[in-house]
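Novice: One structure is given below, represented as structure tokens, and several questions about it will come after.
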Amino acid sequence: MIAIQNLRLCRGKKELISSLTTQLEAGQVVAVLGPNGAGKSTLLQAVMVMFKPEHGLVSLNDASVAAYSKQDLSRLIAWQGDLPPAEFGLTVGQRLNLAMEVAHSEPQVMQQRFQSALAYLELESLQTRSLAELSSGERQRVEIAAIMVRDNPIWLMDEPTAHLDLRHQADCLKLMKKEAQNGRLILTVLHDLQQAAAVADIVILLDGKGGVEVGEAATMLTAQRLEPVFGVKLKGIGRDLMPIYSGEIDEEA
Amino acid sequence: MLLDKRSITMGIALFGVVLLVLFVALGMGEHWINPLGALSAMEKMILWDIRLPRLLTAFAVGGMLALAGAWFQVLLGNPLAEPYVLGVAGSAAVGAVSGMMLFPDSVVVTSVGAFIGAWVGIAAVLAFSHLGSTRLLLAGVVLAAFWGAVLMLLMALLPERGLMLAYAWMMGDLSHSSLPIWLLLLMWSLALGCGVFLSASLDKLLLGERHAQALGVNVQSLRKTLLLLASAVTAIAVTAAGTIGFVGLVVPHLMRLMFGSLHKVVLIASAVGGGVLLMIADTAARTAISPAELPVGVLTAMIGVPVFLVLLLRKR
Amino acid sequence: MISHRKGHDDLDNWIVHVYGCCFKARYIRLECLLNRLFVLLLLLFSATSSFAGERILALAPHACEMLFAIGANKDIVGAVSYCDYPKEAGGLSRVGAYNRINVEAAIALHPTMAIVMDEQTPGVEQLRDLGVAIVRSYPQRVDEVFSDIRRIGKITGHAVQAEQVAHNLEERLQFLETKVAHHHLNVFYEIWAEPLLTAGKHTFIHDVLKRIGLINVFGSLEQEAPRVNVESVLHSKPQLVIVPSEKRDISARTKYWQTWLGKDIQVITVNPDLLHRPGPRLLDGMEDLVRQLEILYVAG
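Residue numbers (the working numbering), protein chains in the order written: chain A, 8 to 260; chain B, 877 to 1192; chain C, 3 to 302.
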């Protein structure tokens, strides 16, 4: 579905990714991992044509993403990023309507999707509330609902579990797994290694110095692979992968 | 275009409000004249040749200022934005006062100067249009300060009479319009039409540029269009009536408090609401200390602020 | 001058007398000579001080004109912008504007006196602190123009000439007041067109119009330059519109006022430099205005 060839991303003088070549297929959940500032969000933005790469090509269904009109692209790729500003008094319902406007399906289908999204993220009672009145967790759920109401084959999610409490984090992960099984391609940035282990099929690992590795989640999510990148002691593998906080923290204290 | 029952009723209600205000304002003046009564020739002249053109000018200018204010607020992503924030009014004032200095006895030169000055200011701002909202706002505020300084310089050089005239122009005046009224009303309609046409994209822009782009909006071209449109409308309003403040800042917010934030409604309501507010303010300005007049900008604030504050407190 | 001469003769006689007497008296003669010289010098000094005059800063256009009119122009060391009459005034050093004085430039001219419009003007206080005598002149009424001319004449040592000028102006005014053709005409004084600005009760021009016998239709308004509108002008039923400007296009204004006030309305211009400036040319302006009125109303 998405083919990335020799992609090079730089922000100013800093090289984020020196060269990335990979193929992402429908039905996959691809997790992008790495330290802060490594270029994870930037990678998503480059796919979305929101960021211009130095070099390289991102193609969607064999056509360069840059060749798509903004409208067509928005029907294929849904992006969830930081929380939108709330000063202007938009309500939850209005915000979701804006997302739905882009999808052109029949009204009943849209209405159904709208209701099921509200239900899944427990937003029914908040429908008429202004975004400014909500907590950041509630606003994050609205953002996830905004992706759900559209029917895009590709989801780009930038830290979807941020601000969420544990239960909603679990719901979000479940959602991602399910939608991937329905045939969507989900490219997501995650900080939590266990969450990545729970949903990812493929991992793209950015080391923050321009290097990038792509591989199956099972092989990538090991202490040996990840410790040098994150600079924190880890133990376990897969879903049991955990940072070890005790030793160093106690010493310094 | 939503032509459902609700929209139609709202549209009729708005139209009704405008007509009512127009009717009452027409009658008010140094002497009350009943617009529907039997009128002498003199009274007819006063109503239709003096008061009506002035009210229509007020309506068009007020509506345009409110539209421009709403556009600047979404363009810059800042609720404190208003039509003069990027310096267009400042450069227009510089143009008007320069005209006054170069041709001290010409009456028409202030409007010509204002128009030219406004476009110089717009050109200056367009140079920064590719920057993000915050940077654009910063550039605009700094430019506005620059024009303000130039204006002060010019006013320091003016003789006493010129100073009085400069202030009079800047405080705004609806008693005449340098632009024909049909042109103003046409501009008002065009502006509103453009606004409604863009309203879906403007709503998405409320989510921020990245989200808007992710939803299919061509953000760069929308921002340029919006900047040009809002500035042009401001330039026309300022050329016709001087710098009348407050309408562009508060009316859009007032409308959002009353009707919600979606642009189709906000823009229509602002175009009408701004016009109505200015009609009321101008009527008060010309009757409060009759036969003399107050500057209309004073009245827009005095009337608009209490209404706004009450609504603000109620909503919390 | 006469006393001067007498002293001189006395001195001669005295010297001859004493010299002729005896040798011993030479010492006494010298002392007396010195005494006489001292008195001579004193006389000389007092005589020239009545010609030496002040060093005057004319910090208002009308003050400048007044000083020229009373013959004190040689005493002016500095002026402000718009001190443009007579032509010679153009050659005076500039020390600022009527509303902001460049104290440094002013002091460099070693002034002893300054005639100002408003003592609150920035710079005046500093001049006063530096020892310059501040004289305030801002006539608000026609009579004050005459009294100010006299007052300035006295202060600057040109009282005789000042009295002549003031008296002459008063005579001309009296003559104007006898002309009846224009009396009790309602006048709208249009200071500006867009917005419509006129003169209120407490203005100089209002008094000028009153003295000529014209009635300012907005003469009840307290503001100095009130903004009015066409409707209020209509209601006030003026018979004459006066536009203070020699260069403004009178045909356009005439057409304009004819639409609102009917074909009978008369529109004339006056020179604001003459009528608004409370100085010696005021009567030139008033006479011109009356002349225009006579043409309009006596003939027709």
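We treat Cβ as the ideally placed atom computed from N, Cα and C, and that holds for glycine. Computed from a predicted model, the values in this text were never measured in an experiment.
1. Ala207 (chain A): which of A:Leu27, A:Leu182, A:Gly218 sits nearest, CA to CA?
2. Relative to the C-alpha of Gly993 (chain B), which residue among B:Asp1158, B:Ala1111, B:Gly1180, B:Gly1124 is closest?
3. I want to see whether chain B comes within less than 8 Å of Leu83 (chain A), judged by CB atoms only; does it?
4. Does the beta carbon of Ala169 (chain A) come closer than 8 Å to any beta carbon on chain B?
5. Any beta carbon of chain A sitting closer than 8 Å to that of His1006 (chain B)?
6. Could you pull out every residue in the same chain whose Cβ sits closer than 7 Å to the Cβ of Leu1041 (chain B), ignoring the five residues on either side in sequence?
7. Count the other CB atoms within 10 Å of the CB of Trp1058 (chain B); is the residue buried (16 or more) or exposed (fewer)?
8. Should Arg1162 (chain B) be flagged as near chain C, meaning a C-beta pair shorter than 8 Å?
9. Any chance the stretch 1020 to 1033 of chain B sits against the stretch 965 to 985 of chain B, with 3 or more Cβ pairs inside 8 Å?
10. Give the DSSP bridge partners of Phe190 (chain C), in chain order.
11. Would you mind reading off the limits of the beta strand (DSSP E) that contains Asp165 (chain A)?
12. Within a Cβ cutoff of 7 Å, which residues of the same chain sit near Phe25 (chain C), ignoring the five residues on either side of it in sequence?
13. How would you call Asp981 (chain B), buried or exposed, if buried means at least 16 neighbouring beta carbons within 10 angstroms?
14. Which whole-angstrom value describes the C-beta separation of Leu64 (chain A) and Ser71 (chain A), a residue pair presumed to lie in contact below a C-beta threshold of 8 Å?
15. Three or more C-beta pairs under 8 Å: does that hold for the stretch 273 to 284 of chain C against the stretch 292 to 302 of chain C?
16. Using a cut-off of 8 Å between C-beta atoms, extract the partners of Val1126 (chain B) located in chain A.
17. Specify, as a first and last residue, the run of the alpha helix (DSSP H) that Glu223 (chain A) falls within.
18. Can you tell me where the alpha helix (DSSP H) holding Val210 (chain A) begins and where it ends?
19. If you compare alpha carbons, which of B:Val1127, B:Leu1175, B:Asp1049 is closest to Thr1115 (chain B)?
20. Count the other C-beta atoms from every protein chain shown that fall within 10 angstroms of the C-beta of Trp924 (chain B), then say buried if there are 16 or more, exposed otherwise.
21. What are the uninterrupted segments assigned as alpha helix (DSSP H) that are 4 or more residues long and contained completely in the stretch 193 to 279 of chain C, given in chain order?
22. Give me the chain B residues within the contact set of Ala205 (chain A), using Cβ-Cβ distance strictly less than 7 Å, ordered along the chain.
23. Please state whether the Cβ-Cβ distance between Gln147 (chain A) and Leu90 (chain A) is less than 8 Å.
24. Mind checking the stretch 47 to 68 of chain A against chain B and listing, in chain order, the residues whose C-beta falls within less than 9 Å of any C-beta there?
25. Pick helix, strand or coil for Trp995 (chain B), following the three-state DSSP scheme.
26. For my contact list, Pro955 (chain B) and Phe95 (chain A) are in at a C-beta cut-off of 8 Å; report their separation, rounded to the angstrom.
27. If you draw a straight line from the alpha carbon of Leu941 (chain B) to that of Gly1150 (chain B), how long is it in whole angstroms?
28. Does DSSP classify Ile1169 (chain B) as helix, strand or coil?
29. Cys17 (chain A) by DSSP, collapsed to three states: which one?
30. Indicate the three-state DSSP secondary structure (helix, strand or coil) for Ser52 (chain C) in the structure shown.
31. In terms of residue numbering, what span does the beta strand (DSSP E) encompassing Leu284 (chain C) cover?
32. I'd like to confirm the pairing. Which residues does DSSP put opposite Gln12 (chain A) in its beta bridges?
33. Quick check: the Cα distance between Glu196 (chain C) and Thr256 (chain C), rounded to an integer number of angstroms?
34. Let me check one thing: in DSSP terms, what residues is Val1114 (chain B) bridge-paired to?
35. Using 7 Å as the cut-off, classify the Cβ of Gln949 (chain B) as near or not near the heavy atoms of the ligand NAP, replying yes or no.
36. Mind checking the stretch 215 to 244 of chain C against chain B and listing, in chain order, the residues whose C-beta falls within less than 8 Å of any C-beta there?
Specialist: In brief:
1. If we check each option's Cα against that of Ala207 (chain A), A:Leu182 comes out closest.
2. It is B:Ala1111.
3. At a cut-off of 8 Å, the C-beta of Leu83 (chain A) has no neighbouring C-beta in chain B.
4. Closer than 8 Å to the CB of Ala169 (chain A) there is not a single CB belonging to chain B.
5. It does not: the Cβ of His1006 (chain B) has no partner Cβ on chain A nearer than 8 Å.
6. Around Leu1041 (chain B), the same chain offers Met976 as residues with beta carbons nearer than 7 Å, after the five sequence neighbours per side are excluded.
7. Label assigned to Trp1058 (chain B): exposed.
8. At least one chain C Cβ lies under 8 Å of Arg1162 (chain B).
9. Contact holds: three or more Cβ-Cβ distances are below 8 Å.
10. BP columns for Phe190 (chain C) point to C:Val243.
11. Here the beta strand (DSSP E) through Asp165 (chain A) covers 161 to 165.
12. Residue confidence is low: Phe25 (chain C) scores 47 on pLDDT, short of 50, so the model does not pin down where it sits. Its coordinate-derived value is still stated next. Same-chain partners within the cutoff: there are none.
13. Exposed.
14. Indeed they touch by this definition, with Cβ atoms about 6 Å apart.
15. No, they do not touch.
16. Residues of chain A with a Cβ closer than 8 Å to the Cβ of Val1126 (chain B) do not exist; the shortest Cβ-Cβ separation is about 15 Å.
17. Careful: Glu223 (chain A) lies outside any alpha helix (DSSP H), inside the beta strand (DSSP E) at 219 to 223.
18. First-last for Val210 (chain A): 209 to 213, but that is the beta strand (DSSP E), not the alpha helix (DSSP H).
19. It is B:Asp1049 whose Cα lies nearest to the Cα of Thr1115 (chain B).
20. So Trp924 (chain B) counts as exposed.
21. Counting only runs of at least 4 residues, the stretch 193 to 279 of chain C fully encloses the following alpha helix (DSSP H) elements, listed from N- to C-terminal order: 206 to 214, 232 to 238, 252 to 263, 274 to 277.
22. Within 7 Å of the CB of Ala205 (chain A), no CB atom of chain B is found; the nearest one sits about 26 Å away.
23. Contact: yes.
24. Answer in chain order: Gln52, Met55, Val56, Met57.
25. Reduced to three states, the DSSP call for Trp995 (chain B) is helix.
26. Confirmed, about 7 Å.
27. C-alpha separation (whole angstroms): 7 Å.
28. Before going on, a small fix: residue 1169 (chain B) reads as Glu here, not Ile. Secondary structure at Glu1169 (chain B): strand, using DSSP grouped into helix, strand and coil.
29. Cys17 (chain A) falls in the strand class under three-state DSSP.
30. Confidence at Ser52 (chain C) is low in this model, with a pLDDT of 41, below 50, so the placement of that residue is unreliable and no value is reported for it.
31. Leu284 (chain C) -> not in any beta strand (DSSP E); alpha helix (DSSP H) instead, spanning 284 to 299.
32. In the DSSP assignment, Gln12 (chain A) is bridged to A:Leu64.
33. Going from the Cα of Glu196 (chain C) to the Cα of Thr256 (chain C) covers about 15 Å.
34. DSSP links Val1114 (chain B) through a beta bridge to no other residue.
35. In terms of ligand content, the structure shown is empty, and the ligand NAP therefore cannot be addressed.
36. Identification of residues in the stretch 215 to 244 of chain C having a C-beta nearer than 8 Å to some C-beta of chain B yields Phe220, Leu223, Gln225, Ala227, Pro228, Arg229, Val230, Asn231, Val232, Glu233, Ser234, Leu236, His237, Ser238, given in sequence order.
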